Amino acid sequence: MLVASNRGPVSYALDKETGELTARRGGGGLVSGLSAIGPDAGALWVCSALGDGDREAVRRGVGEDGVRMLDIDADVHADAYNGIANSVLWFVHHLLYQTPLEPVFDAEFRRQWVSYEAYNRAFAEALADEAAEGASVIVQDYHLTLVPGMLRELRPDLRIGHFSHTPWAPVDYFRMLPDDIAEQVLRGMLGADRLGFLTRRWADAFTACADALVGGLGSTRVGVHGLGADADFLRARSHQADVGERMAALRGQIGEGRKAIVRVDRTELSKNIVRGMLAYRQLLEDRPSWRERVVHVAFAYPSRQDLAVYRDYTAEVQRLADEINSQYGTPGWTPVVLHVKDDFARSLAAYRLADVALVNPIRDGMNLVAKEVPVVSDEGCVLVLSREAGAHEELGEDAITVNPYDVIATARALHEALTMPVDERAEHTKRLAAAATALPPAQWFLDQLHALEETPTTGP
Ligand code: G6P
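Given below as structure tokens:
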């Protein structure tokens, strides 16, 4: 069995002075989910070298068992990953364009698309080379939409699956792509025997695109697998000493007796961190009684900083936090505590002490934070959840639902969350935790694999 994804389970940082390589775990939902397969499963995980550290690791032959990192030319990778995957396909699926001026599909786009094809081909060839006769291959995400079709041509004997960790765009939005590109993406995906999505909504959106643009799904099956949180791991990890230390430090920053509205995200356009802060400011404005009694703890750790829009967004998050703090802060109270350094132990600490978790994405494939918080919460936590997060399909009943664009309604939801009676909040948290852990990562993966193995192949 083989898995393919752009980001692998580890990435390496190279110390330019000492030449030392240090490994660190990748972030995001994909790695969180797939890490459950572990080195003992006998699987091979094919991923891309992402930076200089990774490339150096490949050259030195450093690596983990069961992982093959592809040393794809850095410029080709940059065009494919930054240019196409993250600036076009990610934007399309998350509805992120400011459409009066973008997207513009020009010659530069076409040039980058050729790199995207080359990068997909490198994966297809590596998989074709590694896979045993009749093996199952599960390709991950929007970076690798062309791989199933390419691999099917190279190796008709394989069972090929593809899983999307993102939403899928509605037909009208997807059709912004040039016609031939839209068709190539769909046909690439439909090279798979089976396509997996995180929710019914995204699966239906894909099917609608296939119906509208390429005459339907053909023999490809579509299934839904809602990745859940890993309760055992999270509960054990969140009670280790380093998490306790960070809780004490956070408590110090928040102040005794104050409530905490927590959010933890990659600094990602689709996560809607800015409107979250605007809603918090609105709360302080509308209900002055909350001043000095609540703190917005926002963890927004760096992501995709090669892209100017992400750097600008990161700066805007910082600027707005500063503005709110200077507008409302008092000597003993910092209204927004913003941390931008990725620290998993600190995230768990925040989960444990949160009174309210704010998860308000514009659009999100699933959102694992919404599922992790209720699992580790010490005393119950109210979840304010965007109806546009995939997780809403499973958690909506026990959350306070918000329209992510409506800052005033979000402020109201925060107030409602802050004032929920403790027993009610504990009751919701219990149900949220149960729903959130219904399909833990290892089971999520096995379900996909079994479903793929039972799918009649489209090959000859
Ligand atoms: C989302 C995507 C993943 C991606 C992750 C982190 O979860 O679906 O494919 O790995 O974000 O983003 P990055 O660009 O840092 O890999």
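In terms of my numbering, the sequence shown has 677 at position 170, counting the first letter as 1, and numbering is strictly consecutive.
No residue lacks a Cβ here, since even glycine has one placed at the ideal position from N, Cα and C.
Treat the numbers as computed from the prediction; the structure is a model and nothing was measured.
**Message:** Buried or exposed, going by whether 16 or more other CB atoms sit within 10 Å of the CB of I761?
**Reply:** Stepping through the sequence shown from its first residue, residue 761 is reached at position 254. I761 is classed as buried because its beta carbon has at least 16 other beta carbons within 10 Å across all chains shown.
**Asked** CB of S594 to nearest heavy atom of ligand 1: below 7 Å?
**Response** Locating residue 594 in the sequence shown gives position 87, counting from the first residue. No, Cβ of S594 sits at least 7 Å from all heavy atoms of ligand 1.
**Prompt:** Cβ of L537 versus every heavy atom of ligand 1: is any distance shorter than 7 Å?
**Reply:** Within the sequence shown, the letter at position 30 stands for residue 537. For L537, the shortest separation between its Cβ and any heavy atom of ligand 1 lies below 7 Å.
**Asked** Can you name, in chain order, every residue of its own chain whose Cβ lies under 8 Å from the Cβ of D749, other than the five neighbours on each side?
**Response** In the sequence shown, the residue the question calls residue 749 occupies position 242. In the same chain as D749, and ignoring 5 residues on each side of it, the C-beta atoms closer than 8 Å to its own belong to A852, in chain order.
**Item:** Enclosing alpha helix (DSSP H) for I780 [first to last residue]
**Value:** Taking the sequence shown and counting its residues from 1, the one referred to as residue 780 is at position 273. Element bounds for I780: 780–793.
**Message:** Given this structure, state the Cα-to-Cα distance separating E640 from P663, to the nearest angstrom.
**Reply:** Residue mapping note: residue 640 aligns to position 133 of the sequence shown, counting from 1. Residue mapping note: residue 663 aligns to position 156 of the sequence shown, counting from 1. Distance from the CA of E640 to the CA of P663, rounded to the nearest whole angstrom, comes to 10 Å.
**Request:** Starting from W972, follow its DSSP beta bridges and name the residues at the other end.
**Result:** Since the first residue of the chain shown is 508 and the last is 967, residue 972 is not available in this structure.
**Asked** Quick one: is the Cβ of G783 within less than 7 Å of any heavy atom of ligand 1?
**Response** Locating residue 783 in the sequence shown gives position 276, where the first residue counts as 1. For ligand 1, not one heavy atom lies less than 7 Å from the Cβ of G783.
**Request:** Have a look at the DSSP bridge pairing and note the partners of C554.
**Result:** Indexing the sequence shown from 1 puts residue 554 at position 47. DSSP, once it has assigned bridges, lists S512, M576 as partnering C554.
**Prompt:** In the DSSP assignment, what residue or residues form a beta bridge with T988?
**Reply:** Given a span of 508 to 967 for the chain in the structure shown, any question on residue 988 remains unanswerable.
**Message:** Please identify the residue among A743, V517, S622, H601 whose C-alpha is closest to the C-alpha of G570.
**Reply:** In the sequence shown, counting from the first residue as 1, residue 570 sits at position 63. Across the set A743, V517, S622, H601, the C-alpha of V517 shows the shortest separation from the C-alpha of G570.
**Request:** Return the chain-ordered list of same chain residues with a C-beta closer than 7 Å to the C-beta of A786, the five sequence neighbours on each side being excluded.
**Result:** One-based indexing of the sequence shown puts residue 786 at position 279. Annotation for A786: V914, T917, A918, L921 place their beta carbon closer than 7 Å to its own, counting only its chain and skipping 5 residues before and after.
**Request:** Could you round the C-beta distance between P970 and V847 to whole angstroms and report it? I think they count as a contact, below 8 Å.
**Result:** No answer is possible for residue 970: it lies beyond the span of the chain, which begins at 508 and ends at 967.
**Asked** Could you give the residue range of the beta strand (DSSP E) that holds G759?
**Response** On the sequence shown, residue 759 is found 252 positions in, with the first residue counted as 1. Per DSSP, G759 lies in no beta strand (DSSP E) segment; the continuous alpha helix (DSSP H) that holds it begins and ends at 748–761.
**Asked** Buried or exposed: P967, going by 16 or more other Cβ atoms within 10 Å of its Cβ?
**Response** As a working mapping, residue 967 is identified with position 460 in the sequence shown. Only weak support exists for where P967 lies, its pLDDT of 48 falling under 50; the coordinates are left without a value.
**Prompt:** In three-state terms, what does DSSP make of S622?
**Reply:** Translated into positions along the sequence shown, residue 622 becomes position 115. DSSP places S622 in helix when its eight states are reduced to three.
**Asked** For W597 versus Y649, is the C-beta distance shorter than 8 Å?
**Response** Within the sequence shown, numbered from 1, the residue matching residue 597 stands at position 90. Within the sequence shown, numbered from 1, the residue matching residue 649 stands at position 142. The answer is yes: Cβ separation under 8 Å.
**Item:** Pairwise C-alpha distance: V929 and G560
**Value:** The sequence position of residue 560 within the sequence shown is 53, counting from 1. The sequence position of residue 929 within the sequence shown is 422, counting from 1. Straight-line spacing of the CA atoms in G560 and V929 works out to 48 Å.
**Message:** Just to confirm before moving on: does the CB-CB distance between G515 and M576 stay below 8 Å?
**Reply:** Residue mapping note: residue 515 aligns to position 8 of the sequence shown, counting from 1. Residue mapping note: residue 576 aligns to position 69 of the sequence shown, counting from 1. Their beta carbons are under 8 Å apart, which means G515 touches M576 by this criterion.
**Message:** Can you list, in chain order, the residues of its chain with a C-beta nearer than 6 Å to that of G872? Leave out the 5 residues immediately preceding and following it.
**Reply:** Against the sequence shown, residue 872 aligns to sequence position 365. Around G872, the same chain offers H672, T673, P674, L705, G897 as residues with beta carbons nearer than 6 Å, after the five sequence neighbours per side are excluded.
**Prompt:** When we look at the beta-carbon of L608 and count the other beta-carbons within 10 Å, is it buried (16 or more) or exposed?
**Reply:** In the sequence shown, counting from the first residue as 1, residue 608 sits at position 101. Here L608 is exposed, its C-beta having fewer than 16 other C-beta atoms within 10 Å.
**D772 in three-state terms, based on DSSP** = Here residue 772 refers to the residue found at position 265 when the sequence shown is read from its first residue. D772: strand per DSSP, three-state reduction.
**Item:** Of the residues A689, I780, D522, L651, the one placed nearest G558, counting alpha carbons only
**Value:** Numbered from its first residue, the sequence shown carries residue 558 at position 51. Selected option, being the one with the closest Cα: D522.
**Proximity to V891 [Cα-Cα], best of S884, L902, V883, D885** = Within the sequence shown, numbered from 1, the residue matching residue 891 stands at position 384. When the alpha-carbon of V891 is set against those of S884, L902, V883, D885, the nearest one is in L902.
**Prompt:** Between Y858 and E879, which are expected to be in contact by the criterion C-beta below 8 Å, what is the C-beta distance as a whole number of angstroms?
**Reply:** For the purposes of this step, residue 858 is taken as residue 351 along the sequence shown, with counting starting at 1. For the purposes of this step, residue 879 is taken as residue 372 along the sequence shown, with counting starting at 1. Indeed, because the Cβ distance is near 6 Å, the residues count as touching under 8 Å.
**Prompt:** Would you say the beta carbon of R575 comes nearer than 7 Å to a heavy atom of ligand 1?
**Reply:** As a working mapping, residue 575 is identified with position 68 in the sequence shown. No, Cβ of R575 sits at least 7 Å from all heavy atoms of ligand 1.
**Request:** Say whether the segment 716–726 touches the segment 683–693, bearing in mind that this needs 3 or more beta-carbon pairs closer than 8 Å, one atom from each stretch.
**Result:** Result yes; three or more Cβ-Cβ pairs closer than 8 Å.
**Item:** Three-state secondary structure (DSSP) of Q605
**Value:** Against the sequence shown, residue 605 aligns to sequence position 98. Assignment of Q605 by DSSP, reduced to helix, strand and coil, places it in the coil class.
**Request:** Note down, in chain order, each residue of its chain lying with its Cβ closer than 8 Å to the Cβ of A828, except the 5 sequence neighbours on either side.
**Result:** If you number the sequence shown from 1, residue 828 lands on position 321. Counting only Cβ-Cβ distances below 8 Å, and skipping sequence neighbours, we find M784, A805, V843, L845.
**Message:** In chain order, what are the residue ranges of uninterrupted beta strand (DSSP E) at least 3 long that sit wholly in the segment 652–697?
**Reply:** Here the runs fully enclosed are 666–670.
**Message:** Our contact map puts Y820 next to T774 with C-beta atoms below 8 Å; I'd like the distance itself, whole angstroms only.
**Reply:** Counted from its first residue, the sequence shown places residue 820 at position 313. Counted from its first residue, the sequence shown places residue 774 at position 267. About 6 Å; that satisfies the 8 Å criterion.
**Prompt:** Measuring from the CB of N513, is there a heavy atom of ligand 1 at a distance below 7 Å?
**Reply:** Against the sequence shown, residue 513 aligns to sequence position 6. Remark: the C-beta of N513 is in contact range of ligand 1, defined as less than 7 Å to any heavy atom.
**Message:** Quick check: is any heavy atom of ligand 1 less than 7 Å from the C-beta of S810?
**Reply:** Within the sequence shown, residue 810 is the residue found at index 303, counting from 1. S810: yes, Cβ under 7 Å from ligand 1.
**Asked** Secondary structure at T485, three-state DSSP: helix, strand or coil?
**Response** The displayed coordinates of the chain run from 508 to 967. Any statement about residue 485 would go beyond what the structure contains.
**Reduced DSSP category for I907 - H, G, I as helix; E, B as strand; rest coil** = Within the sequence shown, numbered from 1, the residue matching residue 907 stands at position 400. I907 carries a strand assignment under DSSP once its states are collapsed to helix, strand and coil.
**Message:** Comparing C-alpha positions only, which one of V595, R617, G568 sits nearest to L814?
**Reply:** Within the sequence shown, the letter at position 307 stands for residue 814. Check the Cα spacing between L814 and each of V595, R617, G568: the tightest is with V595.
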